[in-house]
Structure formats: structure tokens, C-alpha cells
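Trainee:
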Amino acid sequence: MAGNPMNMSRTTIIRVAICCMVGTFALFFLVPWYKDTLVSTPLDIRPPSEILDSPALPHDLLPISSNPTDGIDLSTSNSHEHDHGHASFEDATTSSFIDKTTSTALSHTTQTSSAILRVGEALESTILTSPNKKYRFGLKSSGQLSLTSLETGAEIFSSNTALYWPVDYHVELTRQAVLELTWTNDTATPSKGKPWSSALLPDCDGIDITTNMTGAASSEAEADIVSRRMPVLELLDSGLLQIRSDAKVVCVLNKAVGDTGRLAIVYAGYLRTYMKTCADHKKKLVDTWTGSGGVDVHVYSYLEEVFHEDEDNPTRESIEKNLRDCFGDSLKSVNLVNVQEVAETWNDAPQGVINSCGQSKLDRHVSQWKSIYAASTQVQRYMIQHGVRYEYILKTRPDLFLHGIIPPLEELVPMTLDGTIVAPRVAMDWNWYTMRHDGELIAGVTDIMAFGKSAQMWTYMNIFRGFKDMTSMEMFGEILGTAPSMVDRHFAKWQNYNTHGHSKVDGDKERCTPEGSLAYWLSINDIPVKTDWRFEMAVLRNSGPGPRLGKELGHQIFSCPIEGKKWLCPGL
Numbered sequence: 138m139a140g141n142p143m144n145m146s147r148t149t150i151i152r153v154a155i156c157c158m159v160g161t162f163a164l165f166f167l168v169p170w171y172k173d174t175l176v177s178t179p180l181d182i183r184p185p186s187e188i189l190d191s192p193a194l195p196h197d198l199l200p201i202s203s204n205p206t207d208g209i210d211l212s213t214s215n216s217h218e219h220d221h222g223h224a225s226f227e228d229a230t231t232s233s234f235i236d237k238t239t240s241t242a243l244s245h246t247t248q249t250s251s252a253i254l255r256v257g258e259a260l261e262s263t264i265l266t267s268p269n270k271k272y273r274f275g276l277k278s279s280g281q282l283s284l285t286s287l288e289t290g291a292e293i294f295s296s297n298t299a300l301y302w303p304v305d306y307h308v309e310l311t312r313q314a315v316l317e318l319t320w321t322n323d324t325a326t327p328s329k330g331k332p333w334s335s336a337l338l339p340d341c342d343g344i345d346i347t348t349n350m351t352g353a354a355s356s357e358a359e360a361d362i363v364s365r366r367m368p369v370l371e372l373l374d375s376g377l378l379q380i381r382s383d384a385k386v387v388c389v390l391n392k393a394v395g396d397t398g399r400l401a402i403v404y405a406g407y408l409r410t411y412m413k414t415c416a417d418h419k420k421k422l423v424d425t426w427t428g429s430g431g432v433d434v435h436v437y438s439y440l441e442e443v444f445h446e447d448e449d450n451p452t453r454e455s456i457e458k459n460l461r462d463c464f465g466d467s468l469k470s471v472n473l474v475n476v477q478e479v480a481e482t483w484n485d486a487p488q489g490v491i492n493s494c495g496q497s498k499l500d501r502h503v504s505q506w507k508s509i510y511a512a513s514t515q516v517q518r519y520m521i522q523h524g525v526r527y528e529y530i531l532k533t534r535p536d537l538f539l540h541g542i543i544p545p546l547e548e549l550v551p552m553t554l555d556g557t558i559v560a561p562r563v564a565m566d567w568n569w570y571t572m573r574h575d576g577e578l579i580a581g582v583t584d585i586m587a588f589g590k591s592a593q594m595w596t597y598m599n600i601f602r603g604f605k606d607m608t609s610m611e612m613f614g615e616i617l618g619t620a621p622s623m624v625d626r627h628f629a630k631w632q633n634y635n636t637h638g639h640s641k642v643d644g645d646k647e648r649c650t651p652e653g654s655l656a657y658w659l660s661i662n663d664i665p666v667k668t669d670w671r672f673e674m675a676v677l678r679n680s681g682p683g684p685r686l687g688k689e690l691g692h693q694i695f696s697c698p699i700e701g702k703k704w705l706c707p708g709l
């Protein structure tokens, strides 16, 4: 039966009206939104591993606000659940970093803010980012835990577990304050494993948060204590990544980026006037170091040429007491020997080397390098005995008088980050140029003081083990087993010498010097050398005829060596 025409017309009108309303809505809301999506930066939909493993960090990881808490509800910033899927460590945008990881620190910590992972939360489901947006920590798809600088893209800590296994990785902080990395694969045998935990790191064994609970008045009080002691993993603005229980730091996974760590000051050579020089060494070298590991002082010296004002024949005991009175608890090892125990004679030196250097000078140099090497093995013995490591090493001598301005050693740290050794030299002592094996004349290399990262400084102090071969090769191309017909007096393209001028061919040249040998040794080991000329210091020897220093200051060597330019050394 045919419908009523009026009813059909009314229905059509309603349908048209609805379509118009929908179209209007789309025109005003959906089209602008769609247009914006076309011109805005496209979302990075790569898997997390691809983005984190890429050589350059995405630009959208840079901070978008000077205040990392702008626009964030701090009351819920750490309440996200971790059991609903995996967070994308590599492809997270700045906003998702903020939403997931920015938080205020717990009320009982001295830090104002940190990125926190709590017990029971899965790290693969979130990304820890420092509040200042400079660092982030998370799990790569390869199975590696990685702390990365967002400013440089450099990885500054890793678990070294890039296994690339076809498994599911899981990272969780336990109640015992141990961060654990585990994997599972139901089709494999075995089906699970734990390749890494923070307990593998030094001093990170974990804790029992239920200990010393006898003072609690009730079960509620015990629960409150346990709650406060519940450990957290936190990433701070400094790059410090640590596990903390209440106010106690249980484990440091990565120290602050600006933390210079532990310094070893290694003394080798005659004590001589150490009673006059030691106080300034303590004040200007030891006390100015701010690294978290502190300073350890190691002394390797001789019983000869020791000058005390009130003692003609200083004993081993009196010397060690004076050193301990000066350096206090920083003094970690002392070895005092007779100089004849260290004296070395290079009896089998090639005749050409002896002719060039002279036997006595050659023997003095070998003995000098031997004493420095012995000092280095003394330090390594202490390291093995006590389980410590050094980030930086200063090698110097006890009779060096730091009479004026001495820059804090930590000011030299930036110069060493590329593997350079800094050779502080007496202020204004621009006196020598030293030839390196590649033809560079370099000013400033000295054997009285050197500072650098431990890796390079161990090589520096190992010159004794390579000095004989290096000198024989440099002079005549002679090494162990070389046939006489192969010995060439002009073997080295650039021989080892010191000079006052710029000429590499003519001019005055002094062969067989400690400075020259040291510069050559560092050169062939590809260790750059830089000089800091601000150190107002001088070698202080005894000025009297007898063994006593007396009331005199002593004789300063290198106080102002440039003749006719005393204006360079005011006050000396």
C-alpha cells in the first residue's frame, strides 16, 4: 500500500537536515584536524629498537620546556601501570617522556626531582628520563639496558647484554633493591634465564628491608617502615642512576656525569725537601679534588737524600710518620727502598746508543723510568688488594715546591677526555721543543708532573718496559735479533732530541734527555700531550753542604729559566 506523500516528504527533510548537520560538523572540526595532521611532523612508528639503535637521536626528543613539570599533573605522573604493553624506549616523543617519567622525588630524599622506577614496575613498559630531559634509561630490543645522553647521543652506561635473542625481555626492581634483567621463551630449552642484575656491579649486593624491625609498636608500624624502605631506581638531572632505599643509596649503576671519581697521586723519586713541600701538595692537590672516590696518595721513594731539620739520619719510621701527618688518611701506601735496589745498568746497550748518550746518563734514565714503573706496580698492588679503581692519575715527585698558584686538577679534566695527557710545566718555562716520532716539534713535555685518565697514565708509567727497545730502534733501527747488516745510523726519519729553536734539521740539539724520551714514547703509543703553563712551582733541592735542610728554603730549579726575561717571573 502506497504511503502518505506528506509523511515521505517529512522523512526526507529530516534525513537531509541530519546530513547537513554532520557535514557542518566535519567542515568545522574534522577537516582542520585532518589538514593539521598532513602538515605536522609525522609520528615515528618504527619499533623502539630501530630508533634507539639509530646513529642520531630524533629531534623530537629535545626538551620543549625549561621547566620539565610544565603542564603535568604531578599527582599522577608516577601512577601509570606497567602491565599494559611495552613502552617504546626509542620512539617516545618528548611529551610521552614527560607524561611517563617526570615526577617529584619522595619526601624523604634530598633530591628535588627524579625519574623513578618502583618495585613491581616493568622497565620495558616505561622510559626513565631525567627531569631536565638530558638523560634517559631503558631497555633496547636487543636485551641491553642503556643510559643515553639526549644531548650527545652517547651511551654512558650499558648492561653489555645486547644478546639479540628471539626472547621476551623483562626488567624489574626487586624488594631486595636489585635490578634484574630476565628473558623467557616458552619454545626454548631452557625457557628462561637471567643474564644480568645490578648485583653484578661493585657494592650492589642489595638489602633486606625487613631488618631491624623490633622497635615497631604494631604491624601497621612495621608496614609503614617497609613502605618507606621500599627501594626505587632513580635517574637524576646529573645523569646519576642509582637504587635507593629511603635515604640510603644501595647501588650506583652510573655516577653523575660530572663526577671525576677517584684520583691516585703517585710520587716517585727522591724525597729530599718533602718536609718543605708536602703541606702545599696536600692543600693544592689533594684537598681540591671533589670526585666521589676521593684521593689516594702512593709514595715510592728512597732512604737516601732525605732532609730533616732535626734528624741527620732519618729512619723509615720517621719518614712514614711525617708523610702520614701531612696526607692523613689519604696516604694509602708507602715504599721506601735503598737507591741501589732500583739502580739499573744497561749493560747490553748497543754500542752506538752508548756512544750517543754516555753510559752514566743512559743508566740514570733507565733507573728513573724503573722507579716510576715500580711506583705504578705498587699502586696496582693496592688496587688488587682493596678492589678499587682510579679514574685519574697524577704522577709527580716529592721535592716539587708548589710555591704559587696551582690550578685545581679537575680544571684539567676536560683536556684529558680524548685520551690526552696533561703535562703541567713550570709557569713561563717555554724553554724547549721536543721531537716526536712523526715530525712534530712540541713544546712543554716534562717528566716532573703528568695528569690524565688512568688508561693513558699506565702507558706513561710503563716507559721502563719499552725504553730500551725504543731507544735502540730510534737511533739505529736495532732490535733484539737484528742482523748487523740491517743496523742503520739514519734509521729514524725523525730522531729523538730537544732543541731551543724551530729548525728540525739544523741548530742546537740535545740528545738522550728524559723529556725527549718521554715525548717519543707517548708519540709512538698515540697519546697526545698538552701543557698547562699556569703551575707556579719549582724543584726544591737542598742548598746546604750537609744533609740538613736547616732554616734555608733550598735551591729552586727552573724558577725563571729564560735569561733576559725576568719580567716573566714577577716575585721569583
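Each residue of the sequence shown is one higher than the last, beginning at 138 in the numbering used here.
Every residue gets a Cβ at the ideal spot worked out from N, C-alpha and C, and that includes glycine.
For ILE664, which residues of its own chain have a beta-carbon under 7 Å away from its beta-carbon, when the five flanking residues on both sides are left out?
Mentor: Same-chain partners within the cutoff: GLY556, ILE558, GLN593 and THR596.
Trainee: Within 10 angstroms of its Cβ, does ASN633 collect 16 or more other Cβ (buried), or is it exposed?
Mentor: Per the 10 Å Cβ criterion, buried.
Trainee: Report the rounded CA-to-CA distance for GLY638 versus VAL490, giving the unit in angstroms.
Mentor: Between GLY638 and VAL490, the C-alpha separation is close to 24 Å.
Trainee: What residues in its chain sit with their C-beta under 6 Å from that of LYS532, if we drop five residues either side in the sequence?
Mentor: Cβ neighbours of LYS532 beyond the five flanking positions: VAL403 and ALA587.
Trainee: Between ALA299 and GLN281, what straight-line distance do the alpha-carbon atoms span, to the nearest angstrom?
Mentor: Answer to the nearest angstrom: the Cα atoms are 5 Å apart.
Trainee: Are there three or more Cβ pairs, one per stretch, closer than 8 Å when the region 508-522 is compared with the region 373-381?
Mentor: No: the two stretches stay apart, fewer than three of their Cβ pairs being nearer than 8 Å.
Trainee: Determine the closest residue to GLU548 out of VAL516, ASP584 and GLY589, with distance taken between C-alpha atoms.
Mentor: Nearest C-alpha to GLU548: GLY589.
Trainee: Could you give the C-beta distance for LEU260 and VAL315, rounded to a whole number, given that I count them as a contact under 8 Å?
Mentor: Contact flag wrong, Cβ pair sits at about 13 Å.
Trainee: Which residues mark the beginning and the end of the beta strand (DSSP E) in which GLN571 is found?
Mentor: Here residue 571 turns out to be Thr, not Gln, going by the sequence shown. 570-572 is the extent of the beta strand (DSSP E) around THR571.
Trainee: Would you call the CB atoms of ALA252 and LEU338 closer than 7 Å?
Mentor: For ALA252 and LEU338, no; Cβs fall outside 7 Å.
Trainee: Measuring only the C-alpha atoms, how far is HIS523 from LYS469?
Mentor: Cα to Cα, HIS523 sits roughly 10 Å from LYS469.
Trainee: I'd like to check one pair, ASP374 with SER283: are the Cβ atoms closer than 7 Å?
Mentor: It is not a contact, given that the beta carbons lie outside the stated cut-off.
Trainee: State whether the region 534-554 contacts the region 667-678, with contact taken as three or more CB pairs (one from each stretch) at a distance under 8 Å.
Mentor: Short answer: they touch.
Trainee: Does the distance from the CB of PRO651 to the CB of HIS502 come in under 7 Å?
Mentor: Yes, they are a contact pair.
Trainee: Does the beta-carbon of ILE521, which I'm using as the reference point, lie nearer than 6 Å to any heavy atom of the ligand SAM?
Mentor: Absence of the ligand SAM is noted for the structure shown, with no ligands found whatsoever.
Trainee: Could you compute how far the alpha carbon of SER286 sits from the alpha carbon of ALA393?
Mentor: Between SER286 and ALA393, the C-alpha separation is close to 12 Å.
Trainee: Using a Cβ distance threshold of 8 Å, determine whether the region 400-416 contacts the region 434-446, with at least three qualifying pairs required.
Mentor: Taking 8 Å as the limit for Cβ pairs, the verdict is that the region 434-446 does touch the region 400-416.
Trainee: Would you please state the rounded distance, in angstroms, between the beta carbons of SER296 and TRP320? I believe it to be under 8 Å.
Mentor: At roughly 12 Å, the Cβ-Cβ gap does not stay under 8 Å, so SER296 and TRP320 are not in contact.
Trainee: Identify the continuous alpha helix (DSSP H) that holds CYS341 and give its terminal residues.
Mentor: Careful: CYS341 lies outside any alpha helix (DSSP H) and carries neither H nor E.
Trainee: Express the C-alpha separation of GLY398 and TYR527 in angstroms, rounding to a whole number.
Mentor: Going by the C-alpha atoms only, they are around 7 Å apart.
Trainee: Grouping DSSP H, G and I as helix and E and B as strand, with all else coil, what is VAL434?
Mentor: If DSSP states are grouped into helix, strand and coil, VAL434 belongs with the strands.
Trainee: Do you know how far the Cα of ASP584 is from the Cα of VAL423?
Mentor: Approximately 20 Å, taken between the alpha carbons.
Trainee: Given a cut-off of 7 Å, decide if VAL582 and ALA629 are closer than it, judged by their beta-carbon atoms.
Mentor: No.
Trainee: Closer than 7 Å, CB to CB, is GLY430 near chain D or not?
Mentor: Among the chains of the structure shown, chain D does not appear; only one protein chain is present.
Trainee: Short of 7 Å in beta carbon distance, which residues of its chain neighbour TRP506, apart from the five on each side in sequence? Order them along the chain.
Mentor: So the qualifying residues of the chain are ILE600, PHE601 and PHE604.
Trainee: Where does HIS196 sit, in a helix, a strand or coil, going by DSSP?
Mentor: Confidence at HIS196 is low in this model, with a pLDDT of 34, below 50, so its placement is unreliable and no value can be given for it.
Trainee: Under 8 Å Cβ to Cβ from GLY431, same chain only, skipping five residues before and after it: list those, please.
Mentor: Correct list, in chain order: ARG399, LEU400 and SER467.
Trainee: Taking GLY489 as part of the alpha helix (DSSP H), name the residues at either end of that continuous run.
Mentor: Segment 488-494, the alpha helix (DSSP H) holding GLY489.
Trainee: For GLN477, is the classification buried or exposed, using 16 other Cβ atoms within 10 angstroms of its Cβ as the cut-off for buried?
Mentor: When all chains shown are included, GLN477 counts as exposed.
Trainee: Cutting at 6 Å between CB atoms, please list the residues of its own chain near ILE661, excluding the five before and the five after it.
Mentor: Once the five neighbours on either side are set aside, the close Cβ partners of ILE661 are HIS574.
Trainee: When you compare each of GLN313, VAL642, ASP361 and SER504 to GLY343 by their alpha carbons, which one comes out closest?
Mentor: Among GLN313, VAL642, ASP361 and SER504, the Cα nearest to that of GLY343 belongs to GLN313.
Trainee: Please list the terminal residues of the continuous beta strand (DSSP E) segment that includes GLN379.
Mentor: It spans 378-382 - the beta strand (DSSP E) in which GLN379 sits, taken as one unbroken run.
Trainee: Taking DSSP as the reference, what is the three-state secondary structure of ALA512?
Mentor: Helix, per DSSP.
Trainee: Using DSSP with H/G/I as helix, E/B as strand and the rest coil, what is ALA154?
Mentor: Reduced to three states, the DSSP call for ALA154 is helix.
Trainee: Is the separation between the beta-carbon of ALA560 and that of THR668 shorter than 7 Å?
Mentor: Going by C-beta atoms, ALA560 is nearer than 7 Å to THR668.
Trainee: Let's test the definition: count the other Cβ atoms within 10 Å of the Cβ of GLU611 and tell me whether it reaches 16, buried, or not, exposed.
Mentor: The residue is buried, with at least 16 neighbouring Cβ atoms inside 10 Å.
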